[in-house]
Amino acid sequence: MPAGPDVTALVAVQKGDALADFTVESVGAVRPDGAIPIRLERHGIVVRLAVTLVPADDEPRAPAKTAKYAVYFETVTDGVSAREEDCVRACEALAEKLRATEDRVPAPAGMKAPRKAGKPA
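First residue of the sequence shown? That's 33 in the numbering used here, and the numbers climb one at a time after it.
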């Protein structure tokens, strides 16, 4: 499901934008797990990002975060995955965008912090 205006206002990227040498292919609505999915691509190489609220105890640890949001990269199932350093760079670039919006744009409904592995939802 595509992102609504609440999500695009927060993440400050949309389809076709450049982010860390990649092109934004899609920005999705908040998923049932509370994350905003963002898919990036460059010449068939894919990065899948997930934006969540920052976990209270910082676990699981995010590659990049702001005061309110954590940015993770996920396993790619729809293409060839980018190298880890490119994924981290993409997380950091998105975190910079979030820092510019987080104080003026409210968190979209349904966003949550990720749960720790092995803990109930």
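All residues carry an ideal CB built from backbone N, CA and C; glycine is no exception.
Checklist entry - Between the C-alpha atoms of residue 137 and residue 84, what's the straight-line distance to the nearest angstrom? => result Rounded to whole angstroms, the gap between the alpha carbons of residue 137 and residue 84 is 14 angstroms.
Item to check | Among 105, 147, 142 and 78, the one whose alpha carbon lies nearest that of residue 154 | outcome: Any question about residue 154 goes unanswered here, given that the chain covers just 33 to 153.
Next on the checklist: Tell me which residue opens and which closes the beta strand (DSSP E) that residue 69 is part of.
Outcome noted: DSSP places residue 69 inside the beta strand (DSSP E), whose first and last residues are 68-74.
Item to check | Residue ranges of each alpha helix (DSSP H) within the segment 66-153, 4 or longer | outcome: As for any alpha helix (DSSP H) of minimum length 4 sitting wholly inside the segment 66-153, the runs are 116-133, ordered along the chain.
Checklist entry - Hey, out of 52, 50, 56 and 51, whose CA is closest to residue 35's CA? => result It is 56 whose Cα lies nearest to the Cα of residue 35.
Checklist entry - Do residue 80 and residue 71 have their CB atoms nearer than 9 angstroms? => result Cβ atoms of residue 80 and residue 71: closer than 9 angstroms.
Checklist entry - What is the DSSP secondary structure of residue 37, counted as helix, strand or coil? => result Residue 37 falls in the helix class under three-state DSSP.
Item to check | CA nearest to the CA of residue 127, picked from 92, 144 and 82 | outcome: Of all alpha-carbon atoms in 92, 144 and 82, the one lying nearest the alpha-carbon of residue 127 is that of 82.
Item to check | Candidates 98, 93 and 53, of which the one nearest residue 42 by Cα | outcome: Measuring from the Cα of residue 42, the nearest candidate turns out to be 98.
Checklist entry - Is the CB-CB distance between residue 60 and residue 69 below 9 angstroms? => result The Cβ atoms of residue 60 and residue 69 sit closer than 9 angstroms to each other.
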